[in-house]
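Which chain is which? The protein sequence lines are A, B and C, in order. Residues 1 to 358, numbered by my numbering, are exactly what the first sequence covers, in order. Residues 1001 to 1311, numbered by my numbering, are exactly what the second sequence covers, in order. Residues 2001 to 2233, numbered by my numbering, are exactly what the third sequence covers, in order. Taking it in order: structure first as structure tokens, then the write-up.
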Amino acid sequence: MIELDNVSKQFDGPAVLAGVTARIRRGEIFTVIGPSGSGKSTLLRLIDLLDSPTGGTIRVNGTDIHANGEESLRIRRMMGMVFQKPAVFNTTVTENVAVGLRFRGAEERVVREKVEEALAMVGLADYGERRARTLSGGEMQRVALARAMVIEPEILLMDEPTANLDPVSVEKIEELVLRINRDLGTTILFSTHDMYQGQRLAHRVGVLMNGIFAQVGTPREVFTLPATREVARFVGIENIIDGVVVAENGISVIDAGGIRIRARSPLSRGEQVALCIRSEDLRVFLEEGGKTHLNGNTLPGTVASIVPRGPFSRVTVDCGFALSSVLSWKAVDNLGIREGSRVTVSFAAESVHVIRQE
Amino acid sequence: MIFMVRRTLFAVAAVMVAFLLICGCTGTTSDPTPVEKQQLRIATTTSLYDTKLLDHLTPIFEEKYNAEVLIVSAGTGKALEYGQRGDVDVMMVHDRAREDTFLADGYGTDRRVFAYNYFVLVGPESDPANVSGMAPEAAFTAIREKGMAGDASVIFVSRGDASGTHSKEQAIWKAAGFNYSAEVKGSGDWYQEAGTGMGATLEMANEKEAYTLSDIGTYLAYKGNLDLVTIVDEGDILLNVYSAMQINPEKFPDINSSVAKDWVNFMISDEIQQEIASFGVDQYGQPLFYAAQNDWEKIGVTEAEVKNPVV
Amino acid sequence: MYEIIEGFLEAARLIATFDGDVMGIAARSIIISLTATVLATLIAVPLGAAIYFGTFPGKKSLINLIQTLYSLPTVIVGLLIFLLISRVGPFGFMRLLFTPTAMVIAQTVLVLPIMTGLTISALSGVDPVIRDTLRSLGATHLQFLVNIMKEARFAILAAVAIGFGRAISEVGAAILVGGNIMASSFASSTRVLTTAISLETSMGNISQSIALGIVLLAIALAVNLVITTIQHR
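Laid out in structure tokens, this is it:
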């Protein structure tokens, strides 16, 4: 459907996109996640022909969209776009939604029908005569969505559409995105800096970092098997430990500053690696209550800090390197640990994701 | 509150539109015969306008000749400029010397003298230069002397606008033996140029308690608002002669020559000469202008110039 | 002080009784300045749009020049138009000097820069996201242009109102090319509020001046009210 082939874009200064390559399939929701300033908006603008790439090609249904200026209007009319900042035309809600249809010269009767339908879809059926400028940010963004969808685009581009909205509005927009994709089969390209939103919505996720897709995969792949240290950091893996593979025997043994960790990995001896361990996968025991994990890791250490985090506490244990675990308050109380307590930390070899360091 | 503002605004807009419609209608209905009605453009010296003499005479002319008179009031200098550019049909000015040049250069033709009066030196009642009753030349000399000596109470306000009155003032300085541009203009704080019309200059002199030269007509017309009194009003040099002439149609072919001639002849007609002689008498107790018709010898012009109609 | 109070009382009487002279002058002022504003709008808005949307060398300098001309002195405009339409000038054959038409021309020229400049500002004031949205909705060049203008319509209206305010309140050009003529027919006269105030004041008719001044202020106030309402939308 959309093929990004080594797409780059440079304004005055360093390159924003430095060779983005990916394929977005028909009918999928593809979220582009990445930190602010990573080029998400630029990428979506290139696809919507609002900017031209400095290098590489973007193909939609096999056509290089930037190759032929005369084709650009036709290609752009296959797409709808919703922007980060809610922006509406200074007129009624109905007229806002009708704009795209009017551009295409639709008959008044058709316009009326479709606008009504679109407004009903986004839950603004009774708002037609209201002046769009008087709506809340969330409502404006739903008008923007209706405005983009009323032209029945094959591709819907959404550039951080919920970044400025309250949680209730975010939820509504997300619901709509899922419904549009399910009911109409629209291919949706959705950018966000909120990795959890990316995970919730996406069939597939692209992690945009330093101007390239550091990883493209299903949410599960990206969140459990990050391809690089940076992706691991971005998707919220708190424990990332550097080491080197010292033994391989079905289960690799990695030396991390003198401490040995077992992990499942196909890598061979001598490889420099980074180990990713999700804090949820760590267990903490008082020293005396600790039991060895079969084929796993049991590391002694001292509690360095206990920091409240929502309904949980983040317990950081110094085992030679820092390991952070997340425990409920109750668990912390039951264990009776405090800063300075001697504890053991245990986790399975399967919980360790090994990334080869370049 | 917003609602009220909107309503007010709407009302204002509605009134303005209605107003415009009415005006637009009256505007169009009032000139259904512009084709027949001839337009006469006159550039006049301010004294004839500010005294309302022309306001008094034009309706009579308009009715008699079925014409419309458009009057641009300016100093004689500006009026001559308009005439030289062919922007008016008739000029009414009061500066013999410059008129002669204007005629000689072929810009104007058929000059007729229709009125005269006298310039007066007016000033504050206290008369700080102590020149009351002197001959004009002597009075000017004394004012300059006191002014140059640094007496701050002695100020002379000049029209300074190349008008007929300004010309006359310069002529008096010259007659008193001074080089105007070297010894008078810019010679000190005592001599100030207003650069404006007679009425405004009188108002200025009044504010500053200064002397100024004025035609008697404008002075009388403004006297009610002023504290200035007549200081010097006798002397041949104070004679002020008003004439009308048409712009030379040979130079500017689309000048409205026939109406222009009508106007010049109208001004020297018996009827209008009487109007001029009596104008302002009931209001000021004395005439603002004298009719030229029978005093041609006194004012030193030919009989033909006051009596012979232009053909 | 007494003079001022008396002036105001007389002014109130002149206005309340719809004094023919005062109303005639006011009406002429509005007609002339409104005509000039409409003409200037017809030129300035397309011109401003052309400059704003166009790409050509010297665009920035041109916009700078236009902004400098905001403060174009009215007498200079008056003088320029006078020289052009005076009998010996290049357009003298049209015999426009000392006519309301000449005043309309002068005021049009006078307000063109500010209206063009404010049109450009109005268009630059449109949110960039609105631009992107229009393009993303598949607007053709023309549709894009029309819709950007639509978005800027209130700011453009404000520009028009400001132009009208400048036109009706100027005196320098009006007196130079109009001549401050009070003829017997409405259409031939060129006396407007500002030139009348100037004349009446020089003739010492303070109450007449104040009455005319109040009418002018009322018109300016109405214009300002329009501008504020527009800008608060």
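Every residue gets a Cβ at the ideal spot worked out from N, C-alpha and C, and that includes glycine.
Once the 5 residues before and after residue i are set aside, which same chain residues still bring their CB inside 8 Å of it?
i, result
"ALA67 (chain A)", "THR57"
"PRO1032 (chain B)", "Any answer about PRO1032 (chain B) is weak, because its pLDDT of 41 lies below 50 and its placement is not dependable; what the coordinates show is given next. Closer than 8 Å at the Cβ level, and outside the excluded window around PRO1032 (chain B), lies no residue."
"ARG2095 (chain C)", "ARG2087"
"SER2124 (chain C)", "TYR2052"
"ARG309 (chain A)", "VAL326"
"LEU49 (chain A)", "ILE65, HIS66, SER72, ILE75 and ARG76"
"LEU2039 (chain C)", "VAL2104 and THR2108"
"SER8 (chain A)", "ALA15, LEU17, ALA18, GLY19, VAL20, PRO53, THR54, GLY55, GLY56 and GLY211"
"MET1148 (chain B)", "SER1187, GLY1188 and TRP1190"
"VAL273 (chain A)", "ASP242, GLY243, VAL244, VAL245, ILE254, SER265, LEU267, VAL354, ILE355, ARG356 and GLN357"
"GLY1027 (chain B)", "Legend: pLDDT at GLY1027 (chain B) = 40, less than 50; position of this residue unreliable, value from coordinates given subsequently. Same-chain partners within the cutoff: there are none."
Since residue i is in the alpha helix (DSSP H), which residue starts that stretch and which ends it?
i, result
"SER2061 (chain C)", "2059 to 2068"
"HIS353 (chain A)", "No alpha helix (DSSP H) contains HIS353 (chain A), which is instead part of the beta strand (DSSP E) from 352 to 356."
"GLY2078 (chain C)", "2074 to 2085"
"SER2198 (chain C)", "2193 to 2202"
"TRP1173 (chain B)", "1164 to 1175"
"ASP1050 (chain B)", "1046 to 1050"
"GLY1197 (chain B)", "No alpha helix (DSSP H) holds GLY1197 (chain B); DSSP gives it neither H nor E."
Which partner residues does residue i have in the DSSP bridge list?
i, result
"GLN1192 (chain B)", "B:VAL1157"
"GLN1038 (chain B)", "B:ALA1067"
"PHE2008 (chain C)", "DSSP lists no partner for PHE2008 (chain C)."
"ILE58 (chain A)", "A:LEU4"
"PHE297 (chain A)", "The residue asked about is misnamed: residue 297 (chain A) is Asn in this sequence, not Phe. The partner list for ASN297 (chain A) (beta bridge, DSSP) reads A:PHE347."
"PHE1119 (chain B)", "B:ASP1215"
"LEU184 (chain A)", "Answer by DSSP bridge pairing: none, since LEU184 (chain A) is not bridged."
"LEU10 (chain A)", "Residue 10 (chain A) is actually Gln in this sequence, not Leu. Answer by DSSP bridge pairing, in chain order: A:ALA15."
"VAL360 (chain A)", "Missing from the structure shown is residue 360 (chain A); chain A here goes from 1 to 358 and no further."
"LEU1181 (chain B)", "This sequence places Ser at residue 1181 (chain B); Leu is not what is there. Note: SER1181 (chain B) sits in no beta bridge, so no partner."
"PHE1266 (chain B)", "Its beta-bridge partners do not exist; DSSP assigns none."
"ASP255 (chain A)", "A:VAL244 and A:ARG260"
"LEU189 (chain A)", "A:PHE30 and A:LEU157"
"TYR2052 (chain C)", "TYR2052 (chain C) pairs with nothing; no bridge assigned."
"TYR1290 (chain B)", "B:TYR1116"
Going along the chain, which residues of its own chain have a beta-carbon closer than 7 Å to the beta-carbon of residue i, five neighbours each way excluded?
i, result
"LEU2199 (chain C)", "ASN2180"
"GLY1235 (chain B)", "ALA1135 and PRO1136"
"ALA2167 (chain C)", "SER2033, ALA2036, THR2037, GLN2107, LEU2110 and VAL2111"
"GLY257 (chain A)", "GLY320 and PHE321"
"LEU1121 (chain B)", "PRO1136, ALA1139, TYR1211, LEU1213, ILE1231 and VAL1232"
"GLY27 (chain A)", "GLY185 and THR187"
"GLY1195 (chain B)", "GLY1160 and ASP1161"
If I follow the unbroken beta strand (DSSP E) through residue i, where does it start and stop?
i, result
"MET1134 (chain B)", "MET1134 (chain B) -> no beta strand (DSSP E), and no H or E assigned at all."
"GLY19 (chain A)", "15 to 24"
"ILE277 (chain A)", "272 to 277"
"VAL245 (chain A)", "239 to 249"
"THR1230 (chain B)", "1229 to 1232"
"ALA214 (chain A)", "212 to 217"
"GLN1246 (chain B)", "1239 to 1247"
"LEU156 (chain A)", "155 to 159"
"VAL122 (chain A)", "Where VAL122 (chain A) is concerned, there is no enclosing beta strand (DSSP E), given that its DSSP letter is neither H nor E."
"VAL284 (chain A)", "283 to 286"
Closer than 6 Å by C-beta to residue i: which residues in its own chain qualify, once you throw out the five before and the five after it? Chain order, please.
i, result
"ILE366 (chain A)", "What the structure shows of chain A is the stretch from 1 to 358, and residue 366 (chain A) is not part of that stretch, so it cannot be assessed."
"GLU1209 (chain B)", "PRO1124"
"LYS1146 (chain B)", "ALA1129 and VAL1154"
"LEU225 (chain A)", "HIS353"
"ALA348 (chain A)", "GLY296"
**OP:** Would you mind listing the beta strand (DSSP E) stretches within the region 300 to 346 of chain A that are 3+ residues and don't spill past its ends, in chain order?
**Re:** 312 to 318 and 322 to 328
Subject >> Completely contained beta strand (DSSP E) runs for the region 1074 to 1117 of chain B, where each covers 3 or more residues >> reply: 1090 to 1093
Original post:
Mind pulling the beta strand (DSSP E) runs of 3 or more residues that sit fully within the region 2093 to 2174 of chain C?
Top reply: none
Original post:
Considering only residues of the region 67 to 112 of chain A, which uninterrupted alpha helix (DSSP H) runs meet the minimum length of 4 residues and lie entirely inside it, listed in chain order?
Top reply: 72 to 76 and 93 to 103
**OP:** Give, in chain order, every residue of the region 2166 to 2187 of chain C whose Cβ lies closer than 8 Å to some Cβ of chain B.
**Re:** Of all residues in the region 2166 to 2187 of chain C, those with a C-beta nearer than 8 Å to a C-beta of chain B are GLY2179, ASN2180, ILE2181, MET2182, ALA2183, SER2184, SER2185, PHE2186 and ALA2187, reading in chain order.
Subject >> Near-chain C residues of the region 1060 to 1084 of chain B (beta-carbon distance less than 9 Å), N- to C-terminal order >> reply: GLU1062, GLU1068, VAL1069, LEU1070, ILE1071, VAL1072, SER1073, ALA1074, TYR1082 and GLN1084
Original post:
Using a Cβ cut-off of 7 Å, which residues of the region 2065 to 2091 of chain C contact any Cβ in chain B, in chain order?
Top reply: Taking 7 Å as the upper bound on Cβ-Cβ separation, chain B lies near residues SER2086, ARG2087 and VAL2088 of the region 2065 to 2091 of chain C.
Original post:
According to a CB-to-CB cut-off of less than 8 Å, which residues of the region 2115 to 2147 of chain C neighbour chain A?
Top reply: Contacts with chain A (Cβ-Cβ distance below 8 Å) from the region 2115 to 2147 of chain C involve ASP2127, VAL2129, ILE2130, ASP2132, THR2133, LEU2134, ARG2135, SER2136, LEU2137, GLY2138, ALA2139, THR2140, GLN2143 and ASN2147, listed in chain order.
**OP:** Identify each residue in the region 330 to 342 of chain A for which the Cβ-Cβ distance to at least one residue of chain C is less than 7 Å, and report them in chain order.
**Re:** none
Original post:
Which residues, in order along the region 2196 to 2225 of chain C, keep a beta-carbon less than 7 Å from a beta-carbon of chain B?
Top reply: SER2202, MET2203, GLY2204, ALA2222 and LEU2225
Original post:
Residues in the region 49 to 78 of chain A with C-beta within 7 Å of chain C's C-beta atoms, listed in sequence order?
Top reply: LEU50, LEU73, ARG76 and ARG77
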